[in-house]
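In my numbering, the protein residues as written are 360 to 633.
Built from N, CA and C at the ideal position, the CB exists for glycine as well.
Comments concern the structure below.
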């Protein structure tokens, strides 16, 4: 067992960096590794890193400020800075001489969801033109990473390993990340073509069928690597994906299930064969 973690570009639909940690490793340590890699790749500038609840800590926030990562973090409601927030405030995280930390300015925003519940966000974006509603919408951009994890777990079965050694497990983990990115690349290209050929009289908008592309790419890539297929098979998949489309359902919402214990259990220990 282990902890898989990704940093995901929600606008371009690809996994920027993925890591596989030991079982019961800290999600914050995984997040720090992601930030280090973004710095090494020099692709973090002009990007906002959105963190879910549980990632915030004073040390994590200070790291983002000191290393010039723009960030937006959801706070737990029992944090003092969340309890003191009403609306949109700017406060200071006090420094500590013993820890050699300085006072750090932080902006805390209260957002109200459609059902009336309140959430609290912390950020180092201090532009007064960015309103509470804008921060609310910005945080909701995080949602695609949830569907990406679902894709990795359900479509690619990334949690089910056929190997028994550390090397084989890592190989399976990263090949699944590669397959996900290849599928996203093809889907993005197909979506662009669908928009070009779409008629203004169409009642609905369409997109490429992601499940179809993933299913085909899982079969194609291993055979390409074994020289059983040449790269022209990717062109055929592109053309097939133009025909196999799915309808876009706007403003569709689902109630989140609170009890996920059964769904997270691996009863069959299913093994994946590529």
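When C-alpha distances from residue 468 are compared across 462, 477 and 535, the shortest belongs to 477.
For residue 417, the enclosing alpha helix (DSSP H) begins and ends at 417 to 425. If the five residues before and after residue 607 are omitted, its C-beta is found closer than 6 Å to the C-beta atoms of 564 and 566, all from its own chain and listed in chain order. Residue 588 and residue 594 have their C-alpha atoms some 12 Å from each other. At the C-beta level, residue 389 and residue 432 stay beyond 8 Å of one another. Exclusion of the five residues before and after residue 451 leaves 462, 463, 464 and 465 as the residues of its chain whose Cβ lies within less than 8 Å of its Cβ. In this chain, the beta strand (DSSP E) harbouring residue 464 covers 463 to 471. For residue 398, the secondary structure class from DSSP, reduced to helix, strand or coil, is helix. The beta carbons of residue 407 and residue 429 sit about 5 Å from each other, so the pair counts as a contact at 8 Å. The shortest CA-to-CA distance from residue 497 to any of 377, 470, 548 and 396 is the one to 470. Under the DSSP assignment, residue 548 falls in the alpha helix (DSSP H) whose first and last residues are 525 to 556. Counted as a single uninterrupted DSSP element, the beta strand (DSSP E) harbouring residue 452 occupies residues 447 to 452.
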